[in-house]
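So the structure is just underneath, and the comments pick up after that.
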Amino acid sequence: MMLITTNDQMFTLQEGETLLEGLERTGHDVEYQCRSGYCGACRVRMLAGRVDYAEPPLAFVLPGEILPCCCRPLEPLRLDCSLPKREADLFDTDLFDGARDT
Ligand code: FES
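In terms of UniProt numbering, the sequence shown opens at residue 1 and continues consecutively.
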């Protein structure tokens, strides 16, 4: 089980799970299209750790970037990846809080 640390969370990859699947399972905001190393949509910046690929991916990646859909972590990873920002919901806020007591 490989330990993955993101900007917001730590989790371990489950048996047979890709890094992209682990990020999705834990609610991270990662884009994807092909899920097989062709499109590059899932690119994530790796801050620490090492990965390899069963086959060299066709998608272009910059130094320090990885493709979580098809890479294999070789050691614990630290990724520049975050949980989605929650939009403010007007209905979560009691607009009249405190006004009732007056
Ligand atoms: S989803 Fe296309 S390269 Fe990862």
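Every residue, glycine too, gets a C-beta built ideally from N, C-alpha and C.
Being a predicted model, the structure only gives us computed values, none of them experimental.
Beta-carbon contacts of residue i that lie in its chain and below 7 Å, excluding the five residues immediately before and after
i: Arg50; result: Leu74, Glu75
i: Asp29; result: Ser82, Leu83, Pro84
Environment of residue i [buried if 16+ CB atoms lie within 10 Å]
i: Pro68; result: buried
i: Pro63; result: exposed
Beta-carbon contacts of residue i that lie in its chain and below 8 Å, excluding the five residues immediately before and after
i: Tyr53; result: Gly37, Leu67, Cys70, Cys71, Arg72
Any non-hydrogen atom of ligand 1 closer than 6 Å to residue i Cβ
i: Ala48; result: no
i: Tyr32; result: yes
i: Arg35; result: yes
i: Ala41; result: yes
i: Cys81; result: no
Cross-strand partners of residue i (DSSP beta bridge)
i: Asp80; result: Arg45
i: Cys71; result: Tyr53
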